[in-house]
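**Student:**
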Amino acid sequence: MKIFLIKIVVFALVILSSIAGVFYMADGKSDPFYKKISSAKQSSLILGSSRIGYAIKPSIIDKELGNIQSFNYAFTYNTSPYGLTYLNSVKQKLDTTVENQVFILGVDPWVLSNDSQDPNDLNMFLENKNFLGTITTVNSHPNFNYLIHNYSEPYIKILYNRSPLFVEDDGSWSSSLQLSDKYILKQKKELIARYTVKQEAYQFSSLRLAYLKQTISYLKTYGEVYLIRLPIDLDLLEVENKLMSNFDDVLEHMSNEMSVHYFNFSTQGDVFNYFDAHHMIPESANRLSLEIAKRIKQSKP
Amino acid sequence: MLFNSLEFAVFLPLVFLLYWFIIPKHKKFQNALILTSSYVFYGWWDWRFLCLILFSSIVDYYVGIQMQNTDIKKRRKQLLWLSVFVNLGVLILFKYYNFFAQNFVDAFTLFGKSVSLSSLDIILPVGISFYTFQSLSYSIDVYRRKLEPTKDWLSFLCYVSFFPQLVAGPIERAKNLLPQFYKLRKFNYNQATDGIRQMLWGFFKKIVVADNCAKYVNIIFDSAEDQSGSTLLLGAVLFSFQIYGDFSGYSDIAIGSAKLFGFDFKQNFRVPYFSRNIAEFWRRWHISLSTWFRDYLYIPLGGSYGSKTNVLRNIFIIFIVSGFWHGANWTFIFWGFLHALFFVPLFLFNTNRKYLNTVSENRFFARPKELLSILYTFAIVTLAWVFFRADNLPHAFVYFKTLFSPSLISIPDFVGEEKMLISLFFIGILIILEWFGRDNNHTLESINKHFSKPIRYTFYYLLVMIIFLFGVQEQPFIYFQF
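Chains as they are written, first to last, in our numbering: chain A, 1319 to 1619; chain B, 277 to 758.
(1) Are three or more beta carbon pairs between the region 300-314 of chain B and the region 389-409 of chain B nearer than 8 Å?
(2) Taking C-beta pairs closer than 7 Å, name the residues in chain A that methionine 741 (chain B) reaches, listed in chain order.
(3) Apart from the five residues on each side of it in sequence, which residues of its chain come closer than 6 Å, Cβ to Cβ, to glutamate 556 (chain B)?
(4) Taking contact to mean at least 3 C-beta pairs separated by less than 8 Å, is the region 468-478 of chain B in contact with the region 534-543 of chain B?
(5) Would you call the region 1348-1363 of chain A and the region 1412-1431 of chain A touching, i.e. three or more CB-CB distances under 8 Å?
(6) For serine 1434 (chain A), which three-state DSSP category applies?
(7) Taking 8 Å as the cut-off, decide whether the C-beta atoms of serine 390 (chain B) and serine 506 (chain B) are in contact.
(8) Who are methionine 1598 (chain A)'s beta bridge partners in DSSP?
(9) Pop quiz: aspartate 1551 (chain A) and lysine 1506 (chain A) are said to be a contact at Cβ under 8 Å. What is the actual Cβ separation, rounded to whole angstroms?
(10) Per DSSP, what are the beta-bridge partners of isoleucine 1364 (chain A) in this structure?
(11) At the 8 Å Cβ level, is leucine 1333 (chain A) part of the contact set with chain B, yes or no?
(12) Check glycine 511 (chain B) in the structure and name its three-state DSSP category.
(13) Just to confirm before moving on: does the CB-CB distance between leucine 1465 (chain A) and alanine 1330 (chain A) stay below 8 Å?
(14) Using the Cα positions of isoleucine 1374 (chain A) and histidine 1597 (chain A), report the straight-line distance between them to the nearest angstrom.
(15) Excluding sequence positions up to five away, which residues of its chain have a Cβ less than 6 Å from the Cβ of glutamate 1558 (chain A)?
(16) Determine the direct distance from the alpha carbon of valine 620 (chain B) to that of tryptophan 558 (chain B), and round the result to whole angstroms.
(17) Given that a residue counts as buried once 16 or more other Cβ atoms are within 10 Å of its Cβ, and exposed if not, what is arginine 1512 (chain A)?
(18) In chain A, which residues lie less than 9 Å from tyrosine 737 (chain B) when you measure between Cβ atoms?
(19) Examine chain B for any beta-carbon lying closer than 8 Å to the beta-carbon of methionine 1343 (chain A), and answer yes or no.
(20) Helix, strand or coil for serine 281 (chain B), going by three-state DSSP, please let me know.
(21) Taking DSSP as the reference, what is the three-state secondary structure of methionine 1493 (chain A)?
(22) Checking 8 Å against the spacing of the C-beta atoms, do alanine 450 (chain B) and serine 405 (chain B) come in under that value?
(23) Take asparagine 1390 (chain A) as the anchor and find which of A:Arg1369, A:Phe1593 and A:Ile1333 has the nearest alpha-carbon.
(24) Note the first and the last residue of the continuous alpha helix (DSSP H) segment covering tyrosine 373 (chain B).
(25) Between glycine 340 (chain B) and chain A, is the shortest Cβ-Cβ distance under 8 Å, so that the two count as touching?
(26) Against chain B, does phenylalanine 1351 (chain A) count as a neighbour if the rule is that its beta carbon must be under 8 Å from one of theirs?
(27) Among the candidates B:Phe523, B:Ala616, B:Val366 and B:Ile594, whose CA atom is the shortest distance from the CA of tryptophan 561 (chain B)?
(28) If you follow the alpha helix (DSSP H) that phenylalanine 1469 (chain A) is in, where does it begin and where does it stop?
(29) Looking at chain B, is there any beta carbon in it that lies within less than 8 Å of the beta carbon of tyrosine 1592 (chain A)?
(30) Which residue from A:Lys1347, A:Ser1407 and A:Thr1397 puts its Cα closest to that of leucine 1537 (chain A)?
(31) In angstroms with no decimal places, state the Cα-to-Cα distance between proline 300 (chain B) and leucine 423 (chain B).
(32) Do the region 632-641 of chain B and the region 486-506 of chain B touch if we need at least three Cβ pairs shorter than 8 Å?
(33) State yes or no: is the beta carbon of threonine 469 (chain B) nearer than 8 Å to at least one beta carbon in chain A?
(34) According to the neighbour-count rule (16 or more other Cβ atoms, all chains shown, within 10 Å of its Cβ), is serine 415 (chain B) buried or exposed?
(35) Keeping to the same chain, check which residues put their C-beta closer than 6 Å to that of phenylalanine 432 (chain B); ignore five residues upstream and five downstream.
(36) Checking contacts by CB at 8 Å: is tyrosine 492 (chain B) closer than that to chain A?
Below, the structure written as structure tokens:
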């Protein structure tokens, strides 16, 4: 019995050490989120959905503005629409010891909507059950909680991942993917079709808007807040305008009320290029990031 | 609680330590711990359904005691029927009621009459088909005087609910398992290490082989009408390995876990895909169920004795009922029917007991003729699995229609994908290792005899790391739904 136990314990220790070793190797190539929720606390957070994740490059913002070190903490529509889950996560992630931070918050109708029957029922918010709503920390590496319960790929992907998508050190997504025009057009058509269906199920949520306000109030304690509506393909813009035709009015009203800037780039959809209809390719993302940084610079007193 | 879950990874060592180190070394304490942990194991899924297990156990325990107290044949028969009524009643209510109700309504609609029967909005309790059959076999054996009824209620409750085999078998006979609860279990090093090895192989089959195949199987079956014939063939082959890895993997983990507590279960799978005909396949696939139906249905019906017509009838009954046992769907019935059709020629030409030994015994490779027989058997079993996996009969027919279209002669989709190559690679590893371990009770059983310690431990280490690195997270076992 003793021999059995000793052997089992030693073997288990070797295995557990190997597993821990693999977990230590997890990085920005492991999956699209790991680096975001395993880096240390960050300042000058950039928030929003996957659109923001692709489109805003903190390194370019930092270079233009100087004196800040921003971090792209944007996820997806299912993970990070404005709500209690995202707000709590932001509170965990934000380094509150840094002063004069700059916060960029991506806004569009989707991050202020929900697909439940009552769009203001907090219990029905999809992100509650998603990883941001369930993990206990967003600042530890390895993030065992995330890797054990939420990592959706086989762990071999931590050691060997050929995916062209990866997370930069600044939290933004990059992709080395070279797509043909034909493929992009197909992606665009499929995405617009999907969002047209989605739009029928979604409704504006005043509760999400209230959480956006709460997020802004919280962040304003540590710096300046800028709201950005990103450019997207104009056909997709048409779809999301059906979801919330008065979106810009609502946002302008709110930004005045809360004394924050609202930059609306939505009409410049055809100036930038996308992998589909709203996820920007790196070259466009760099261009847009620079433009946003300049606008922020200009707006500063 | 799933075997491939973090909860089980904590539960099993905890129960193991309590069992061998903490509780007093007395069979009653051991049994009490087994019963408690089995109920926790089951209740983890839904504690409300524990009352069903308890109900079924109490009825059969009572039936056994009462049968012993009387020699009156009629009374004994009444008691047996009580057990049959309760066990099958529970099974029918929870598993088959909606199926029968729906078909009843459909049949009347076909003849232009409208009948309304409300369906029951109930969950199918996990493992119900397994523990009701296990409990029922006890009553039948006591009735046939093949088994002394037990007066040890704790042992009996343990027998019905022992956690390794509670939710997906093997369906253990009281004659084999119950006496093991009567004795104090003593730790046996060889038995425990063999159990760990068998569990390890079971986890490999389930988490690496079955779950990796599942991703493609789901895609291919869910969009059968849009796939090429060759892709559908690939989907069917992958499902063959998925269901084998899933179910035989579960059995290996169950048998291995039981060994850790000093119990021996019967073998449930004996490399069925190396069978040379369908009769041999059924002697090697889900053995505990096939022998259950043989002993409690086929033989009482007359078995292989009597006129050819009667035997043919018995063959069809046993295969169709066995198919229906898997689920309340015509697809399972058709699957069983198909296997009966495959079996009938063997019976008619008296070749159903031709292969009783292991294939290519004492040989490294199979003889060409044997290899062809194996491939042929695998092919027909694989085609029949399409019915097993399909959502309904029209789905299965669409699958076959597209499968046997000109697009069968084409390169299947997905073959170049990294994940597909990984799945095929591990299927290859499974086939090779199972071939070399085909004489054993489980694939890794005789690894001790052939390899030195360093090689063995390196192999175990690699196997665990493969399970960790290539495994897919917490996919439920297919047979849980049965």
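The beta carbon of each residue, even a glycine, is placed where N, CA and C say it ideally should be.
**Tutor:** To lay it out plainly:
(1) no
(2) Ser1336
(3) Tyr631
(4) yes
(5) yes
(6) coil
(7) no
(8) Answer by DSSP bridge pairing, in chain order: A:Tyr1592.
(9) 6 Å
(10) A:Asn1390 and A:Ile1422
(11) Here residue 1333 (chain A) turns out to be isoleucine, not leucine, going by the sequence shown. So, interface residue.
(12) helix
(13) no
(14) Rounded to whole angstroms, isoleucine 1374 (chain A) to histidine 1597 (chain A) spans 11 Å at the Cα level.
(15) Within the same chain, glutamate 1558 (chain A) has close Cβ partners Pro1427.
(16) Note on geometry: alpha-carbon atoms of tryptophan 558 (chain B) and valine 620 (chain B) lie some 13 Å from one another.
(17) It is exposed - the Cβ of arginine 1512 (chain A) has fewer than 16 other Cβ atoms within 10 Å.
(18) Phe1329, Val1332, Ile1333 and Ser1336
(19) No, because no Cβ of chain B sits closer than 8 Å to the Cβ of methionine 1343 (chain A).
(20) Note: serine 281 (chain B) maps to coil in three-state DSSP.
(21) One point to set straight first is that residue 1493 (chain A) is serine, not methionine, in the sequence displayed. Serine 1493 (chain A) falls in the strand class under three-state DSSP.
(22) no
(23) A:Arg1369
(24) Where tyrosine 373 (chain B) is concerned, the enclosing alpha helix (DSSP H) stretches over 373-386.
(25) no
(26) no
(27) B:Phe523
(28) Residue identity differs from the one stated: residue 1469 (chain A) is tyrosine in this sequence, not phenylalanine. Per DSSP, tyrosine 1469 (chain A) belongs to no alpha helix (DSSP H) and is neither H nor E.
(29) no
(30) A:Ser1407
(31) 30 Å
(32) Under the three-pair Cβ rule at 8 Å, the region 632-641 of chain B does not count as touching the region 486-506 of chain B.
(33) Threonine 469 (chain B) counts as touching chain A.
(34) buried
(35) If we look at phenylalanine 432 (chain B) and ignore the five residues flanking it on each side, its Cβ neighbours are Tyr337 and Thr426.
(36) no
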